[in-house]
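Trainee:
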Amino acid sequence: DSGVTQTPKHLITATGQRVTLRCSPRSGDLSVYWYQQSLDQGLQFLIQYYNGEERAKGNILERFSAQQFPDLHSELNLSSLELGDSALYFCASSVVPGNYNEQFFGPGTRLTVL
Amino acid sequence: AQRVTQPEKLLSVFKGAPVELKCNYSYSGSPELFWYVQYSRQRLQLLLRHISRESIKGFTADLNKGETSFHLKKPFAQEEDSAMYYCALHSGAGSYQLTFGKGTKLSVIP
Chain U
1276 DSGVTQTPKH LITATGQRVT LRCSPRSGDL SVYWYQQSLD QGLQFLIQYY
1326 NGEERAKGNI LERFSAQQFP DLHSELNLSS LELGDSALYF CASSVVPGNY
1376 NEQFFGPGTR LTVL
Chain Z
3 AQRVTQPEKL LSVFKGAPVE LKCNYSYSGS PELFWYVQYS RQRLQLLLRH
53 ISRESIKGFT ADLNKGETSF HLKKPFAQEE DSAMYYCALH SGAGSYQLTF
103 GKGTKLSVIP
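Chains as they are written, first to last, in this note's numbering: chain U, 1276 to 1389; chain Z, 3 to 112.
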């Protein structure tokens, strides 16, 4: 699959735990974006990386962190999880930052915090 | 701060009826506006953006700077248009952040 892939598809964990969500961008894309989609807040931009460097930060909590590795895949780390962190987490990629005309989304990871 | 408002959580229309999904924004500069669509069990995808002034799947959207609106319209709704629609704003000027509205679920009744 040459599109954006995300693993795992579903994740169920308990409050206080830590999880890592993984995203592989589309082949050739250097920029990765993370979004959170919840019933309360809708779709929110979290953070963006370009070629390994952080480029923009949105409404990302201090308990959350992310990085982009040399092979361009990205991981979103969520720690000290709370019930309110339950959401669908999307990753998207584009060749260059801010190229929303050519931004493609992954299928998402559904996180459930019990 | 920039903000996008989609006043309707749910919009139900009959097949063949006109559709208008409302989007209002607040931003002091010249924004770039987008509409995204998410069909059931599918990925979020870009539907159209105001710069291109195109019609996609029969949908159009005009940026009205005076009313700070970017409403999405289609003259005749089809059942396959049923989906979640998000309006988004990009402020440009070196910002890589997209600000989304909370979305409107469009349900087209056969």
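Backbone N, C-alpha and C define an ideal beta-carbon position, used for all residues, glycine too.
Closer than 8 Å by C-beta to L13 of chain Z: which residues in its own chain qualify, once you throw out the five before and the five after it? Chain order, please.
Mentor: Same-chain partners within the cutoff: V21, L23, T106, K107, L108 and S109.
Trainee: What is the DSSP secondary structure of E1337 of chain U, counted as helix, strand or coil?
Mentor: Three-state DSSP puts E1337 of chain U in coil, outside helix and strand.
Trainee: Specify, as a first and last residue, the run of the beta strand (DSSP E) that S1355 of chain U falls within.
Mentor: No beta strand (DSSP E) holds S1355 of chain U; DSSP gives it neither H nor E.
Trainee: For Y1364 of chain U, is the classification buried or exposed, using 16 other Cβ atoms within 10 angstroms of its Cβ as the cut-off for buried?
Mentor: When all chains shown are included, Y1364 of chain U counts as buried.
Trainee: So that I know if they touch, is there some Cβ in chain U lying closer than 9 Å to that of S54 of chain Z?
Mentor: At least one chain U Cβ lies under 9 Å of S54 of chain Z.
Trainee: For G31 of chain Z, which residues in chain U fall below 7 Å Cβ to Cβ?
Mentor: Per Cβ cutoff of 7 Å: no residues; G31 of chain Z is ~15 Å from chain U at best.
Trainee: Report yes or no: do three or more beta-carbon pairs, one from the region 36-50 of chain Z and one from the region 83-90 of chain Z, lie closer than 8 Å?
Mentor: Yes, they touch.
Trainee: Using a Cβ-Cβ cut-off of 9 Å, state whether R5 of chain Z counts as contacting chain U.
Mentor: For R5 of chain Z, the answer is no, since every Cβ of chain U falls outside 9 Å of its Cβ.
Trainee: Tell me which residue opens and which closes the beta strand (DSSP E) that A1331 of chain U is part of.
Mentor: Start and end: E1328 to K1332.
Trainee: Is N1376 of chain U close to chain Z, meaning its C-beta is less than 9 Å from at least one C-beta of that chain?
Mentor: Yes, contact with chain Z.
Trainee: Looking at the unbroken beta strand (DSSP E) that takes in E22 of chain Z, where does it start and where does it end?
Mentor: First-last of the beta strand (DSSP E) with E22 of chain Z: V21 to L23.
Trainee: Note down, in chain order, each residue of its chain lying with its Cβ closer than 8 Å to the Cβ of I58 of chain Z, except the 5 sequence neighbours on either side.
Mentor: Excluding residues within five positions, the ones whose Cβ falls inside 8 Å are L49 and L50.
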